[in-house]
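Here the structure is laid out as structure tokens; the discussion comes afterwards.
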Amino acid sequence: MIQIEDRLKVFISSKTGDDQASIKYNLARKAIKEMLELTGLFQIYLFEEAGTSSMSAYNHYIQRLKSADVCIFLIDNEDGVPQGVQNEVDEVLKNNIPSLYYFCDQNSKEKTSLQTRLLHANAPKNKTIHSFEDFIQRSTTDLIDDILSVYRSYGFGNAILPSNNLLMEETNDANDIQIESEKINIPYILSIGSKKISKIRCREYFISMFFRNEKTKEMASELDIDYYCSTLLPIMFNGSNFNTFKISEYLKMLQNILPQAYFKVIELRWKAINEYYNNNLFESIEILKLAYKDSLSNKLEDWFIQDILIDLRNQINLYHENRNEFTNQNFGQIELDKMNNSLFYPNIDRYEKNLLERLEQDRQKSDIEAYSSKTFLGDRSLYTNSIADIFFEAMIFGSMTHLTRIYSIVQKLSYECFVRNNEWIMFKLNFKNTIMSLDKKKVHRMARTFSTHLEKLTPEEAKEIYDYTGNHILTNHKLVAQLLAISEVGYYLSDDDFSYVWDNLKVLLNGWKNSEDSIVNLENYIFYTLKRIKNRLNQNYLTEFCLSILKSKSLRYHDSAIEFLCQSVNYSKVDYKLIIKLNEFIINLLKDESSSISENHIKCLCCQLGKLFNNKENQKLNSRIQEKWPEFYELEYSIETNKNMPSSTLFLEKHLEIIKYRNLTQGENGSYTKYSDSSFLPIRNFFGNGSTIISEELIDAIFRETANTILNSKQMITDKIEAYKLLYILCRIDKYIINRNSQIVGKLINMGGNIDAYESMLSHVQKQMLVFAHYLLLEFFQKDVSVSILNELSTFNDEASQIEACKLIKIYLDKDDKLETSQSILRLFFQFSLIWINSTSLDLRWHSIHLLIKLLNVEEYVETITNRFIRIINEDDSYVKSQLVHGLGEIEKVDTKTAKYILEKSLVDSNYVIREIALTKK
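Plus 271 on top of the position in the sequence shown (first one is 1) and you've got the numbering used here.
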């Protein structure tokens, strides 16, 4: 009998146990195991037959699951999906492991939540069977058929093909396909004779980084250049201590292969690297200056001298940044400017050029291939070898700049591997190295763009990403990387890991706060991070942190501190005594005429504090505000804290006057003003949130003046959109307002779709959106505009327009219990919401989830919407899922089973905030 050594690994998953209910599963699993093994093609893993292990049971079977080539799931609809099986399903979906699902409906025809979740085009294969005997008979045949179908597709050119040519264009030109040997030359000017140097260890390190479950080849024990270079890689990527790198022994090896003139300079460069790794920038800079001087006196190659100057320039900039200094007398840059020829690295530039060209060729080939064909990167070593070669050259020449650039190159390649093949390991590698860039916007964009992947992080994987930041060398860079990492994965860490990480960070943040010469550049990262993870932090600490800064002499941080207090602290969780201290500080601040803190932020914080006390308790603050800002006290402050009728009327009258003034002056004499504030918004918020009785005369005046904004051709698009939103809510809360203002309503009706407005070049809102907004208004006026609305919605193909349409519809439907919406219009909203909820745009999905929750009150839509909700709670981003949890009350009214499922999933969600919101819904 032919023995196949490398058989396909099959993982069989189902409910397990020793109880009576589990016997049928155990028998079925053993039967299918025997049948598959008889073929000689498969190696089967069953948890109950595994031997003892030093790992936990969970880690043991998860590791086996991750190494599987295919998984088979057996689920009885009557028993549902046990948590252990659900964990395995999540791992399979996350790691893109091919799977077959079998759902037995013998005892229950009702679909499980998992089967509902798999009802979409890109879901794994699943079948409904009618008995466990069917499973035993069909699973072996189905699995072999599946394998054969891939082979047959290969013959027709439609397969999922492993590629060994990186999708490069077919060519017979030997110069285009570079076949490199294991032994390669360093630049000839530095070679001694024709001696060649091995890079095998360095190349194998990067190959293992990019290959799943790749075993590193056995290496010879020779202590050569390749060996010593490879010992720096664990320091760069695995957090090993720099002291493990034996510089003196490495330099002895270099001395044997380099000309003496070059070696002396490179020796100095490595001494500078040693100081750099020990955070001694000044000493590193001084050594680099000596290296530069020696390279000039020995008349070394220009590119080599320029490389030293680039290291020098970069480190001088870092030195001054750490001292909060700015210099335009950077010695490294001044000397670079004196050199006439442009910088070109003989080998490094060629390696990187080859890498980028290959990626671009690969991307173009992938973009134009047929939808029925998909090619995976197979020989990834062509890419990783280029990275290893760049690293090797940087090691030989002691180039600190090129060593640190390796993170960026790894990020680029892992990004391509991830987006093309959706590989989980590549997602993590890409995200880790994106954080290493210290680019806050890039890190956040990456997290938002691939937010559904971030949701799949286990606590261990979140800690792995955070720990990777320890590879940064300089202390302040390491802190920035840690802040960026915890800002994105902080909610996914376990409670113990988060406490440990935060306690360490807190020491560093307190040191920064209390230092008289703290690094100014850290301010932005610190407050950004505190805002991102505020829900997991102690609110007393946040308040004390900001209050301490406000009391300090660090005036440059005061605005950030008070803005944070104004927008990001949950005062219901702050100790009363601490609130009193903050209140006293604000009272004293209002007396200080020399304060440079933003007035708007102080006013906002006053409103926050005013809500926490009654008038008697906060008499001092009220008096100070009334004395300093009498108009603010009578209007905004009184509305925010008391909502009494005289203040409400004054507040509305004030904003009405602003609207009138802008209607009169906008576009006058060809002059247009884009205002930073809008009076329509505070009025809309007032009517949307308040229950204060306002006179009909004032409501009508607001209605007419808002309509005049729409009728005025000189008003800007953004102002008109806000005007439409206000009219929607006025029509909802007062069903007679249309009849009372029939004259101006007639003018609005007669406009039809002919709406004119001044279009700002800076606005992202298209003029066409006005037409859509107007048709929604005409629906209030009982006009049949369903076809027109359909036509408009069909034209919104870009993300910005779809989001704006979503916002308009949401506001249009607010308080819809006051005035019914026609079924034809609701049907359109339903259809487009289902399209938008599948968008790759996180913002669009966030807005559309609100519409779907709103549309639950239409009975015929309930099943479709709740099925979608099941997928969302399992697969979507936490921002989207949070809206589902917040909307559980509405969901429960129409489908208690789905509401219960969403709650149960939320209570064990990987995201801390989702779990906390769910606890409030129990």
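All C-beta atoms in this analysis are idealised placements derived from N, C-alpha and C, irrespective of residue type, glycine included.
- Message: Buried or exposed, going by whether 16 or more other CB atoms sit within 10 Å of the CB of T980?
- Response: Buried, because 16 or more other Cβ atoms sit within 10 Å of the Cβ of T980.
- Member of P395, F406 and I619 whose CA lies at the smallest distance from the CA of C375: F406
- Item | Distance CB(H743)-CB(A752) smaller than 7 Å | yes
- Would you give the residue range spanned by the beta strand (DSSP E) that L279 belongs to? L279 to S284
- Item | Contacts around E546, its chain only, beta-carbon distance under 6 Å, and the 5 residues preceding and following it disregarded | E554 and S555
- Query: Between the stretch 856-864 and the stretch 797-809, do at least 3 Cβ pairs fall closer than 8 Å?
  - Reply: no
- Might you give, ordered along the chain, the residues of its own chain that have their beta carbon closer than 7 Å to the beta carbon of V840, omitting 5 neighbours on each side? Q810, L813 and T814
- Item | Proximity to L345 [Cα-Cα], best of F282, F835, V791 and D767 | F282
- Query: Are the stretch 956-972 and the stretch 1052-1063 touching, with three or more C-beta to C-beta distances below 8 Å?
  - Reply: Too few Cβ pairs lie closer than 8 Å, so no.
- Please list, in chain order, all residues of the same chain as L503 whose beta carbon is under 6 Å from its beta carbon, the five residues on each side excluded. F516
- When we look at the beta-carbon of R540 and count the other beta-carbons within 10 Å, is it buried (16 or more) or exposed? With 16 or more Cβ atoms within 10 Å of its Cβ, R540 is classed as buried.
- Item | Whole alpha helix (DSSP H) elements within the stretch 743-767, 4-residue minimum | Look at the stretch 743-767 and you find these whole runs of alpha helix (DSSP H), each 4 residues long or longer: 746-760.
- Item | Beta-carbon proximity of T387 to N348, cut-off 7 Å | no
- Distance between A1044 and L997 (C-alpha atoms, nearest Å): Take the alpha-carbon of L997 and the one of A1044: they are about 11 Å apart.
- Query: If we ignore side chains and look at the alpha-carbon of each, how far apart do E485 and I478 end up?
  - Reply: Confidence at E485 is low in this model, with a pLDDT of 46, below 50, so its placement is unreliable and no value can be given for it.
- What residues match up with M707 in a beta bridge as DSSP calls it? Beta-bridge pairing links M707 to no other residue.
- Just confirm the distance between the C-beta atoms of I528 and I468, as a whole number of angstroms; I'd bet it's less than 8 Å. 7 Å
- Query: What separation, rounded to the nearest whole angstrom, lies between the Cα atoms of L1113 and I537?
  - Reply: 49 Å
- Compare the C-alpha of S657 against each of F1067, L627 and K852 and name the closest. If we check each option's Cα against that of S657, L627 comes out closest.
- Task: Could you tell me whether any non-hydrogen atom of the ligand FMN is closer than 6 Å to the CB of K805?
- Result: Only the bare structure without any ligand can be found here, which leaves the ligand FMN out of the picture.
- Query: According to DSSP, is D846 helix, strand or coil?
  - Reply: coil
- Task: Could you check which residue in E592, I1000, N585 and Y533 has the C-alpha nearest to that of K570?
- Result: Y533
- Message: Tell me the rounded alpha-carbon separation between Y296 and S1110.
- Response: 39 Å
- Query: Exposed or buried, which one is M610 when buried takes at least 16 other CB atoms within 10 Å?
  - Reply: The residue is exposed, with fewer than 16 neighbouring Cβ atoms inside 10 Å.
- Query: Enumerated in chain order, which unbroken segments of the alpha helix (DSSP H) with a length of 4 residues or greater are wholly contained in the stretch 1109-1160?
  - Reply: With a minimum length of 4 residues, the continuous alpha helix (DSSP H) runs that stay inside the stretch 1109-1160 are 1113-1125, 1133-1146 and 1149-1157.
- Query: Hey, would you say E911 sits closer than 7 Å to C875, going by beta carbons?
  - Reply: no
- My understanding is that K1086 touches L1122, with C-beta atoms under 8 Å, so please give their C-beta distance in whole angstroms. Not really, about 15 Å apart at Cβ, beyond 8 Å.
- Query: Which value, in whole angstroms, describes the spacing of the CA atoms of F1067 and V356?
  - Reply: 42 Å
- Item | Reduced DSSP category for N397 - H, G, I as helix; E, B as strand; rest coil | strand
- Using a Cβ-Cβ cut-off of 7 Å (strictly less than) and excluding sequence neighbours within five positions of N747, which residues of its own chain qualify? N593, I790 and L793
- Message: Nearest by alpha-carbon distance to G1023: which of S1093, L1048, Y904 and I1108 is it?
- Response: L1048
- Item | Counted within 10 angstroms of its Cβ, other Cβ atoms place D608 as buried (16 or more) or exposed | exposed
- Message: Taking the straight line between their C-alpha atoms, what separation do you get for Q1194 and M717?
- Response: This structure leaves residue 1194 out entirely; the chain is present only between 272 and 1193.
- Message: Does N934 pass the burial test, meaning 16 or more other C-beta atoms within 10 Å, or should it be called exposed?
- Response: buried
- Item | Beta-bridge partners of V341, as assigned by DSSP | V281
- Item | Beta carbon of L1079 nearer than 7 Å to that of F1103 | Not a contact, by the Cβ cut-off of 7 Å.
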